[in-house]
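Protein chains: 2
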Amino acid sequence: MTAEIICVGTELLLGSILNKNAQFLAIELASLGIPHYYQTVVGDNPQRLKQVIKIASERSQVLIFTGGLGPTPDDLTTETLAEFFGVPLIEHPEIIADIARKYAQRGREMTPSNRKQALIPQGAEVLPNSAGTAPGIIWRVAGVTILTFPGVPSEMQRMWQETAVPYLKSLGFGKEIIYSRTLKFWGIAESALAERVSNFLNLQNPTVAPYASQGEVKLRISAKAESEAEAKQLIAPVEAELKQIGGLAYYGADDDTLAIVVGKLLLDAGETLSVAESCTGGGLGQMLTAVPGSSSYFLGGVISYDNSVKISLLGVEPKDLYELGAVSAKVAEQMATGVQTRLATTWGISITGIAGPDGGTATKPIGLVYIGMAEANGEVQSFEYRFGAMRERSLIRHLSACTALDHLRRKLLQ
Amino acid sequence: MTAEIICVGTELLLGSILNKNAQFLAIELASLGIPHYYQTVVGDNPQRLKQVIKIASERSQVLIFTGGLGPTPDDLTTETLAEFFGVPLIEHPEIIADIARKYAQRGREMTPSNRKQALIPQGAEVLPNSAGTAPGIIWRVAGVTILTFPGVPSEMQRMWQETAVPYLKSLGFGKEIIYSRTLKFWGIAESALAERVSNFLNLQNPTVAPYASQGEVKLRISAKAESEAEAKQLIAPVEAELKQIGGLAYYGADDDTLAIVVGKLLLDAGETLSVAESCTGGGLGQMLTAVPGSSSYFLGGVISYDNSVKISLLGVEPKDLYELGAVSAKVAEQMATGVQTRLATTWGISITGIAGPDGGTATKPIGLVYIGMAEANGEVQSFEYRFGAMRERSLIRHLSACTALDHLRRKLLQ
Numbered sequence: 043m044t045a046e047i048i049c050v051g052t053e054l055l056l057g058s059i060l061n062k063n064a065q066f067l068a069i070e071l072a073s074l075g076i077p078h079y080y081q082t083v084v085g086d087n088p089q090r091l092k093q094v095i096k097i098a099s100e101r102s103q104v105l106i107f108t109g110g111l112g113p114t115p116d117d118l119t120t121e122t123l124a125e126f127f128g129v130p131l132i133e134h135p136e137i138i139a140d141i142a143r144k145y146a147q148r149g150r151e152m153t154p155s156n157r158k159q160a161l162i163p164q165g166a167e168v169l170p171n172s173a174g175t176a177p178g179i180i181w182r183v184a185g186v187t188i189l190t191f192p193g194v195p196s197e198m199q200r201m202w203q204e205t206a207v208p209y210l211k212s213l214g215f216g217k218e219i220i221y222s223r224t225l226k227f228w229g230i231a232e233s234a235l236a237e238r239v240s241n242f243l244n245l246q247n248p249t250v251a252p253y254a255s256q257g258e259v260k261l262r263i264s265a266k267a268e269s270e271a272e273a274k275q276l277i278a279p280v281e282a283e284l285k286q287i288g289g290l291a292y293y294g295a296d297d298d299t300l301a302i303v304v305g306k307l308l309l310d311a312g313e314t315l316s317v318a319e320s321c322t323g324g325g326l327g328q329m330l331t332a333v334p335g336s337s338s339y340f341l342g343g344v345i346s347y348d349n350s351v352k353i354s355l356l357g358v359e360p361k362d363l364y365e366l367g368a369v370s371a372k373v374a375e376q377m378a379t380g381v382q383t384r385l386a387t388t389w390g391i392s393i394t395g396i397a398g399p400d401g402g403t404a405t406k407p408i409g410l411v412y413i414g415m416a417e418a419n420g421e422v423q424s425f426e427y428r429f430g431a432m433r434e435r436s437l438i439r440h441l442s443a444c445t446a447l448d449h450l451r452r453k454l455l456q
Numbered sequence: 043m044t045a046e047i048i049c050v051g052t053e054l055l056l057g058s059i060l061n062k063n064a065q066f067l068a069i070e071l072a073s074l075g076i077p078h079y080y081q082t083v084v085g086d087n088p089q090r091l092k093q094v095i096k097i098a099s100e101r102s103q104v105l106i107f108t109g110g111l112g113p114t115p116d117d118l119t120t121e122t123l124a125e126f127f128g129v130p131l132i133e134h135p136e137i138i139a140d141i142a143r144k145y146a147q148r149g150r151e152m153t154p155s156n157r158k159q160a161l162i163p164q165g166a167e168v169l170p171n172s173a174g175t176a177p178g179i180i181w182r183v184a185g186v187t188i189l190t191f192p193g194v195p196s197e198m199q200r201m202w203q204e205t206a207v208p209y210l211k212s213l214g215f216g217k218e219i220i221y222s223r224t225l226k227f228w229g230i231a232e233s234a235l236a237e238r239v240s241n242f243l244n245l246q247n248p249t250v251a252p253y254a255s256q257g258e259v260k261l262r263i264s265a266k267a268e269s270e271a272e273a274k275q276l277i278a279p280v281e282a283e284l285k286q287i288g289g290l291a292y293y294g295a296d297d298d299t300l301a302i303v304v305g306k307l308l309l310d311a312g313e314t315l316s317v318a319e320s321c322t323g324g325g326l327g328q329m330l331t332a333v334p335g336s337s338s339y340f341l342g343g344v345i346s347y348d349n350s351v352k353i354s355l356l357g358v359e360p361k362d363l364y365e366l367g368a369v370s371a372k373v374a375e376q377m378a379t380g381v382q383t384r385l386a387t388t389w390g391i392s393i394t395g396i397a398g399p400d401g402g403t404a405t406k407p408i409g410l411v412y413i414g415m416a417e418a419n420g421e422v423q424s425f426e427y428r429f430g431a432m433r434e435r436s437l438i439r440h441l442s443a444c445t446a447l448d449h450l451r452r453k454l455l456q
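Keeping their order, the protein sequence lines are chains V and E.
Whatever position you read off the first sequence (first residue = 1), add 42 for my numbering.
Whatever position you read off the second sequence (first residue = 1), add 42 for my numbering.
Put into structure tokens, the structure is as follows:
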């Protein structure tokens with residue numbers, strides 16, 4: 043038994059809105075253990091919608107529609123379904139009464155066009171909409187089960203939770219669930235990690251799949267089981283092995299970010315951090331302070347975008363700045379030490395680099411970044427990165443901030 | 043001639059990621075005047091992918107694929123396409139060389155699995171990927187034109203702009219185009235703006251549609267015409283009227299950001315800026331430095347997350363800090379003056395507030411934010427905002443930084 047998601051709306055084809063409904067339903071179907079293999083987006087066009095219904099009803103048993111339930115003439119999901127399956131539409135007075143009541147509550151009057159929303163295919167049940175006016179339907183017809191929802195995400199989600207989930211569970215779904223855990227890695231290429239874990243990529247239950255984006259590599263472990271507890275049991279040994287293979291490159295799971303993980307390590311050690319940022323311009327501080335409670339270990343820092351600020355607020359030597367340049371190991375080290383001593387923190391982290399698109403030279407290309415790391419005991423280190431001149435400014439800045447956090451993470455783990 | 047978007051990736055079916063690629067391509071196809079009626083999402087499964095290729099190639103002439111071009115075994119878009127059309131894969135040594143070069147630039151070694159990415163169907167052209175390793179293809183086969191892109195949005199978008207758009211234009215697309223211009227407003231509610239411009243919302247060509255997200259309100263003006271010049275002529279008078287109605291709340295169009303607009307105003311005036319950030323933790327600096335060339339007017343700032351930093355680096359009075367609290371008008375003003383004088387800039391902007399989820403009280407609720415603005419002549423002002431305790435930490439921080447920029451923008455326009 044497989045499901046299929048069909049999102050109806052010309053606004054999706056024009057790109058006016060992002061298809062968040064498909065993502066919501068995808069997550070929900072997975073958690074109910076209902077496999078779904080296809081998602082289709084189609085416009086407000088009855089011929090094409092019929093074609094999509096035909097294809098979907100031949101390959102899937104549960105068809106979930108979003109959109110096209112409103113009162114305007116281009117809302118035609120319900121009538122097209124009725125027409126496709128050759129079933130007449132029946133007017134439901136209780137729906138009209140419900141819509142009129144809701145309009146009255148908002149101090150408005152129902153318009154004649156709303157009557158359209160009370161037309162339901164013969165034999166279908168009403169899927170009530172407690173958050174809006176347009177009800178959906180639950181309809182078992184010609185061997186398939188059809189559920190329709192309005193396109194407004196808040197209404198759709200509420201109807202899904204209130205009515206569709208209990209209904210699907212009553213049909214026996216939700217007995218077998220899919221539970222996933224995502225392991226996150228930094229400082230390793232996707233292909234390198236995939237090769238190291240290649241024998242896991244053919245597992246059947248749980249499955250293991252690699253993903254990469256913006257310098258981060260993820261391994262998603264998904265288990266099918268009758269309960270979350272059982273799924274976790276299936277995942278646990280695989281997770282442990284993958285973590286071991288990942289070694290220090292593994293930094294966290296699911297909602298963890300490098301900033302969250304570094305924050306926990308600092309908190310556990312009772313240590314504090316400050317930052318000195320040049321090319322990231324505040325991005326590292328922003329990442330750190332995105333974590334609630336970060337004030338316990340993050341004191342602040344200096345955005346030393348201009349050289350004058352590197353000198354005045356961080357005490358960087360003007361001589362080194364002019365002889366070696368702002369993008370150099372020594373300046374990175376002085377920035378780190380400068381902020382660490384001035385803010386009296388355990389750690390001081392600095393970033394100076396060339397984010398582009400201008401400012402690159404043959405010896406100092408775009409993407410060249412130095413990260414400095416100073417400790418309370420006076421020790422200071424720096425690391426050189428070449429993130430690549432073809433990369434975009436925003437990505438170079440993102441990689442710089444994440445890599446700086448990763449250096450501190452690895453150091454704190456030692 | 044119609045196009046169809048096919049996004050390949052089990053992560054989309056599991057809901058692990060949001061399908062932003064489909065939206066990007068939808069907008070792009072509209073702007074080229076290429077109708078597209080269907081979007082399909084399918085997992086990393088060759089049988090089902092073949093079924094999707096079959097359906098799509100029977101109803102559309104241009105098939106645009108995203109995802110499944112990576113080096114791992116579950117990346118199988120290219121080989122499945124070759125298999126479906128019965129064409130052998132040819133190894134392209136120049137792709138291998140290019141991948142090896144890119145890995146070397148990043149100080150890494152190419153792995154054997156990357157060789158897979160050099161296999162291209164016979165007769166297909168390489169669609170180069172300047173931002174990543176996985177190239178795509180442009181392939182005219184069996185009456186359809188196929189374009190493939192990696193799933194990573196930044197790479198896909200760059201390849202689309204650099205190669206796919208010129209290619210599609212060479213095929214004669216983009217003759218009747220849809221050209222859009224988006225006007226951006228800050229400091230006005232969507233409903234208020236929509237009411238003021240209500241008589242524009244029923245226009246046919248150009249159309250005007252309002253959108254709102256994260257405090258920003260947009261009006262998109264879209265015209266259909268045979269040329270961009272003609273479309274611009276249709277848009278110009280409507281744009282002029284909408285700008286006038288928006289007044290000072292209108293700040294820019296299309297790719298403009300508040301940071302870009304503020305930067306231009308500062309550059310024109312020959313003035314400079316520094317920032318002192320508490321609850322935004324560097325986010326304002328990051329916004330400002332996201333703009334290439336921002337070093338001409340943005341010198342840097344202080345992330346004074348902890349009170350000690352407000353005192354040591356900004357000269358805030360300890361007495362005021364403890365009596366009035368860090369989140370107060372007076373402290374905001376001292377932070378602004380402190381950074382403006384210490385960094386010797388024309389303007390100093392400060393932000394101090396309670397971003398939540400903890401730290402709110404009855405008198406100082408979550409969402410309370412003070413913005414300070416100091417000038418070189420010694421004048422200083424502050425502004426109180428209550429962004430609402432129900433809002434998320436990240437949104438409160440975003441609204442704070444944008445509102446700070448908007449205050450400076452309005453001041454610079456006076």
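Virtual Cβ for every residue (Gly too), placed ideally from N, Cα, C.
None of these values were measured; they are calculated from a predicted model.
Considering Cα atoms alone, identify which of the options is closest to residue i.
| i | options | result |
| --- | --- | --- |
| A431 of chain V | V:V250, V:P399, V:D310, V:I230 | V:P399 |
| Y223 of chain V | V:Y253, V:D116, V:V381, V:R262 | Per the sequence shown, residue 223 of chain V should be read as Arg rather than Tyr. Of V:Y253, V:D116, V:V381, V:R262, the residue nearest in Cα terms is V:R262. |
| H440 of chain V | V:I396, V:Y209, V:I179 | V:I396 |
| A265 of chain E | E:G257, E:I393, E:P279, E:A176 | E:P279 |
| Q147 of chain E | V:Y412, V:I408, V:L55, V:E417 | V:I408 |
| T322 of chain V | V:Y339, V:A374, V:S336, V:Q275 | V:A374 |
| T387 of chain E | E:E313, E:P334, E:L437, E:G185 | E:E313 |
| T153 of chain E | V:K361, V:T331, V:E258, V:S240 | V:S240 |
| Y293 of chain V | V:A64, V:F227, V:I277 | V:F227 |
| G165 of chain E | E:G380, E:I132, E:V250 | E:I132 |
| Q382 of chain V | V:G343, V:P77, V:I393 | V:G343 |
| V168 of chain V | V:G185, V:F191, V:L437 | V:F191 |
Measure the alpha-carbon distance for residue i versus residue j and round it to whole angstroms.
| i | j | result |
| --- | --- | --- |
| L60 of chain E | K453 of chain E | 39 angstroms |
| Y347 of chain E | L341 of chain V | 5 angstroms |
| S350 of chain E | G357 of chain E | 10 angstroms |
| G288 of chain E | E365 of chain E | 41 angstroms |
| A273 of chain V | T405 of chain V | 53 angstroms |
| K217 of chain E | S73 of chain V | 46 angstroms |
| C444 of chain V | I413 of chain V | 11 angstroms |
| P135 of chain V | I162 of chain V | 11 angstroms |
| A282 of chain E | G305 of chain E | 23 angstroms |
| D140 of chain V | M201 of chain V | 15 angstroms |
| I95 of chain E | V83 of chain E | 11 angstroms |
| Y427 of chain E | N171 of chain E | 45 angstroms |
| K372 of chain E | V317 of chain E | 16 angstroms |
| G174 of chain V | I137 of chain V | 12 angstroms |
Let's test the definition: count the other Cβ atoms within 10 Å of the Cβ of residue i and tell me whether it reaches 16, buried, or not, exposed.
| i | result |
| --- | --- |
| Q376 of chain V | buried |
| S269 of chain E | exposed |
| D297 of chain V | exposed |
| T44 of chain E | exposed |
| R451 of chain V | buried |
| D310 of chain V | exposed |
| E271 of chain V | Correcting the residue identity first, residue 271 of chain V is Ala in this sequence and not Glu. Its Cβ having fewer than 16 others within 10 Å, A271 of chain V is exposed. |
| L111 of chain V | buried |
Inset, instruction - Closer than 8 angstroms, Cβ to Cβ, to anything on chain V: give me those residues from the stretch 48 to 65 of chain E, in chain order. - result: T52, E53, L54, L55, L56, G57, S58, I59, L60, N61, K62, A64, Q65
Legend entry - the stretch 89 to 121 of chain V: positions lying closer than 7 angstroms to chain E by Cβ: R90, I97
Inset, instruction - Can you give me, in chain order, the residues of the stretch 340 to 358 of chain E that have a beta carbon less than 8 angstroms from any beta carbon in chain V? - result: F340, L341, G342, G343, V344, I345, S346, Y347, D348, S350, V351, S354, L355
Inset, instruction - Quick one: which unbroken alpha helix (DSSP H) runs of 4-plus residues sit fully inside the stretch 228 to 266 of chain V? Chain order, please. - result: 232 to 238
Inset, instruction - May I have a chain-ordered list of the alpha helix (DSSP H) segments no shorter than 4 residues that lie completely inside the stretch 317 to 387 of chain E? - result: 325 to 331, 349 to 354, 360 to 366, 371 to 384
Legend entry - Members of the stretch 295 to 308 of chain E near chain V, C-beta cut-off 9 angstroms: none
Inset, instruction - Anything in the stretch 169 to 200 of chain E with a Cβ closer than 7 angstroms to a Cβ of chain V? List those residues in chain order, please. - result: S172, A173, V194, S196
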